[in-house]
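Residue numbers (this note's numbering): -11 to 626. Where is the CB? At the ideal position from N, CA and C, for every residue including glycine. The structure appears below as C-alpha cells.
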C-alpha cells in the first residue's frame, strides 16, 4: 500500500548526445520530461523546427492508410490478445523502409482520389438518370420539341389531380394540345403545344396546378437512348470502382508493416515533443523531469553508460510542489489499482487505499454474485484466459479481479448453498427463507468497511503529526457507532461508549472554526447530527443482500424452466441443456457485471468518503510504447 516516492532529475549534457540520451530515456520508460526552467542566461528554449509538423503529417497519413485498409484485413486476430512485440533491430529496419512504405500510403491516397472522382461522376449520372426517367416514354428526341413562328412547345410537370379535373372538364382543350408522358406519384409529366396568342391564358391556368417547365438535354437521341447510354456509363463507373476496391484490398497485407511504422514514427515524434521542453546553449542542453525514487540508480547507470559526460542531479519535490502519482502494490493487489484510478488518483502525499480496499471488494463481489457454481467458473476460466490468450494489460487486470471475486463467490455461494441455482447441501445462510440474518451480516460487513475508512483517516492524521485530530475526528465516531451498536447487546457498556464518543464530537468538532465556546458547541452539535448519514451509509450495504437474492432467484427460475422443457423426451433434454447453459451464462454475466459496478460504488461513495484525498496527476513517462506494437530490447522481448 504505497504511493511511489518521486524525485526530480535534472540533466545537463552535450548537444551531440541529445538523441542518444532521449532514446535511452525512452527505453527506461520511467522519466516524465518537464518544461525546463533554466535560470542561467546561457540557456534558452530550443527553437521550434519544421521536423515535428512534418512528422505529425506523416503519422496522420499512415494512420489514415491503416484505417483505410482495416476493413480489408482478413488476418485472424486472437481474442483479447495483447499487442505484438518487435525488437529495436526490427524497429530500425521498419524506419529504414519508411520511403518504401510511404509509397504504399501514396498509392492508397491516389486510389482514394480516383474513387472520389468516380463517386462524383456516378452522382452526376444518377442525377441525369433521375431527371430523364419520367420522360422515358417520350417518343421524340427532346431537341425536336421546339418553338415555331406561331407555336410554343414545352415539357413540364404539374399536379396530377388538377390535370384529371381539367381533362374531365375540357378546360384546356380549345387552348392547347397536351399529352401525358408519365405519372410519378402525384405529378404528371406532360408535353404540350399552344398557339402564341394563347400563351398567357394557358400559362395562368397551368400556374394553378404548380406547373414547372423542364428543360431536357437537347440532342438527336431519344430519352430512352440517353438512358441506355447513361446505364452503360454507370456500369463502367462501377467496374472502375470495383477495380479500385480490389487494388485496395490487395494492399491489405501491408497493414502490419504500416502499424509498425506508425508506432516507430510515434516514438520519434515523442522524442521531438520532449526535446521542445529542453533548454539549450550552443553546445549543451538542460532537461528537467520526474523519476520514481527507487529507479534513481538504474537511471543514473543507464544514462551515464550512454554519455559518460552527462551531469545528473536528483532531489525531492520542492515545497508546495505536487509530483505525479504512481501506485505500487504487491502483485496480488496491483490489479485492483484499476478500481482506484477509475475514480481518481490519490493526492501525492495522501495514501493508496488499494490494499485495504481489495479484501472488501472481492467479498462484496462474492456476496452479490452469490452462486458457488458461478464462482468456480470465474475462478477457473479467468486464469485460463490469462494463460492462453495473453490479453492486454487492462484486460489482464480485469480478469485477475474476476478471479478474486470468483474465489470469494465460491465461499459465499457455499454459505448460501447455491450451486447453479440448486441447493444440494444444508445451508448456513438462507437469504430466501430467513433474510434477517443475511441482512444483518451485510450491514455488519458494511460497518467494518466504514470503520476501515475511518482507520485510514486516522492513519493519515497520525502520519502527518496530528494525533489529537485522529482522536477528535475518528476515534470519537468509533466510540459512538460501536457504543450505539452495543446498546442492543450490552447496554451498560454501549451507553458509556456512545456518550464518550458523542461528547468528544460535541466538544472538538468545531475546534477549527471559532474561538467562541458557544459557536464551537453549536458546531459540535451540528457535527453530531452526522450520525444520520451513518445510518444511510450502513443501509447502502443492503444491496449485497438484494443482488445476491436476485442471482439465486433467477438461477432457480432457470432450473424450473429446464425441468419443464426436459420433460418432452430426448428433444426436450437437448433443449433443456441449451436453456440451462444459456440461462446460467446470461445470469452469471449480468450479475458479475452488476457486482463489479456496485462494489465500485460502495468503495467510491461509502469507503472513500471517509478519508480519500484525490486529485493526483498521473505519471506520464516518455516511452516508446505504441498503439499497435511494443518495441523492446532483444534481451527483454520475452
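**Request:** Could you please give the first and the last residue of the uninterrupted alpha helix (DSSP H) stretch that includes residue 170?
**Result:** Counting along the chain, residue 170 falls outside any alpha helix (DSSP H), though it belongs to the beta strand (DSSP E) covering 164 to 172.
**Item:** residue 399 beta carbon less than 9 angstroms from that of residue 370
**Value:** no
**Asked** Assuming residue 260 contacts residue 43 under a Cβ cut-off of 8 angstroms, what Cβ separation, rounded to an integer in Å, is found between them?
**Response** 6 angstroms
**Request:** Please work out which residues of its chain come closer than 7 angstroms, Cβ to Cβ, to residue 187, disregarding the five sequence neighbours upstream and downstream, and give them in chain order.
**Result:** 140
**Message:** Is there a C-beta anywhere in chain D that falls below 9 angstroms from the one on residue 461?
**Reply:** No chain D is part of this structure, which consists of one protein chain only.
**Message:** Closer than 8 angstroms is the cut-off here; do at least three beta carbon pairs connect the stretch 43 to 56 with the stretch 363 to 380?
**Reply:** Contact between the stretch 43 to 56 and the stretch 363 to 380 is absent, because fewer than three Cβ pairs lie under 8 angstroms.
**Prompt:** Can you tell which of 291, 389 and 308 has the C-alpha that lies nearest to the C-alpha of residue 300?
**Reply:** The candidate whose alpha carbon is nearest that of residue 300 is 291.
**Asked** Should the stretch 9 to 16 be called in touch with the stretch 610 to 621, which here means at least 3 C-beta pairs below 8 angstroms?
**Response** yes
**Request:** Alpha carbon to alpha carbon, how far is residue 589 from residue 330? Give it in angstroms, no decimals.
**Result:** 11 angstroms
**Item:** Inter-residue spacing [alpha-carbon to alpha-carbon] between residue 198 and residue 177
**Value:** 12 angstroms
**Request:** Put residue 274 into one of helix, strand or coil per three-state DSSP.
**Result:** Reduced to three states, the DSSP call for residue 274 is strand.
**Prompt:** Out of curiosity, what's the CA-to-CA distance linking residue 552 and residue 561?
**Reply:** 10 angstroms
**Asked** Given a threshold of 16 other Cβ atoms within 10 Å of its Cβ, counted over all protein chains shown, does residue 4 qualify as buried or as exposed?
**Response** Residue 4 should be labelled exposed.
**Prompt:** So what's residue 529 in DSSP terms, helix, strand or just coil?
**Reply:** coil
**Message:** Distance check for residue 20 and residue 282, CA to CA, integer angstroms please.
**Reply:** 15 angstroms
**Asked** Just reading off the beta strand (DSSP E) that residue 202 is part of, what are its end residues?
**Response** 200 to 202
**Request:** Starting from the Cα of residue 137, find the closest Cα among 131, 184 and 167 and give me that residue.
**Result:** Distance from the Cα of residue 137 is smallest, within the candidate group 131, 184 and 167, for 184.
**Asked** So, are the CB atoms of residue 490 and residue 464 less than 9 angstroms apart?
**Response** yes
**Residues that DSSP places opposite residue 661 in a beta bridge** = Residue 661 is absent from the model: the chain starts at -11 and stops at 626.
**Prompt:** Count the other CB atoms within 10 Å of the CB of residue 277; is the residue buried (16 or more) or exposed (fewer)?
**Reply:** buried
**Asked** Comparing alpha-carbon positions, which option in 432, 227, 575 and 548 lies nearest residue 523?
**Response** 432
**Request:** Reducing DSSP to helix, strand and coil, say where residue 11 ends up.
**Result:** helix
**Prompt:** Roughly how many angstroms separate the alpha carbons of residue 568 and residue 542, rounded to a whole number?
**Reply:** 12 angstroms
**Message:** Restricting to Cα atoms, I'd like to know which of 611, 437 and 424 is closest to residue 349.
**Reply:** The option with the nearest alpha carbon to residue 349 is 437.
**Asked** Does the beta-carbon distance from residue 546 to residue 575 come in below 9 angstroms?
**Response** yes
**Message:** Using 8 angstroms as the cut-off, can you tell me whether the stretch 329 to 346 makes contact with the stretch 404 to 414, which would need three or more C-beta pairs spanning the two stretches below that distance?
**Reply:** no
**Message:** So, under 8 angstroms CB-CB, residue 397 and residue 357 are touching, yes? Tell me the CB distance rounded to an integer number of Å.
**Reply:** 4 angstroms
**Request:** Pick helix, strand or coil for residue 552, following the three-state DSSP scheme.
**Result:** helix
**Request:** Could you check how far apart the C-beta atoms of residue 362 and residue 50 are, in whole angstroms? I think they sit under 8 angstroms.
**Result:** That belief does not hold up - the Cβ atoms of residue 362 and residue 50 are roughly 45 angstroms apart, past 8 angstroms.
**Contained beta strand (DSSP E) runs [length at least 3] in the stretch 331 to 357, N- to C-terminal order** = none
**Request:** Examine the Cβ distances between the stretch 157 to 176 and the stretch 214 to 226 and report whether three or more of them are shorter than 8 angstroms.
**Result:** no
**Request:** Could you have a look at residue 161 and say whether DSSP puts it in helix, strand or coil?
**Result:** Of the three classes helix, strand and coil, the one that applies to residue 161 here is coil, per DSSP.
**Item:** Own chain residues within Cβ distance below 8 angstroms of residue 257, not counting five before or after
**Value:** 40, 43, 44 and 47
**Neighbourhood of residue 378 by C-beta, 6 angstroms cutoff - its chain only, sequence neighbours within 5 removed** = 70
**Asked** Are residue 180 and residue 196 closer than 9 angstroms when you measure CB to CB?
**Response** No, these two residues do not count as a Cβ contact at 9 angstroms.
**Asked** If residue 232 and residue 99 are in contact, beta carbons under 8 angstroms, what's the gap, nearest whole angstrom?
**Response** 5 angstroms
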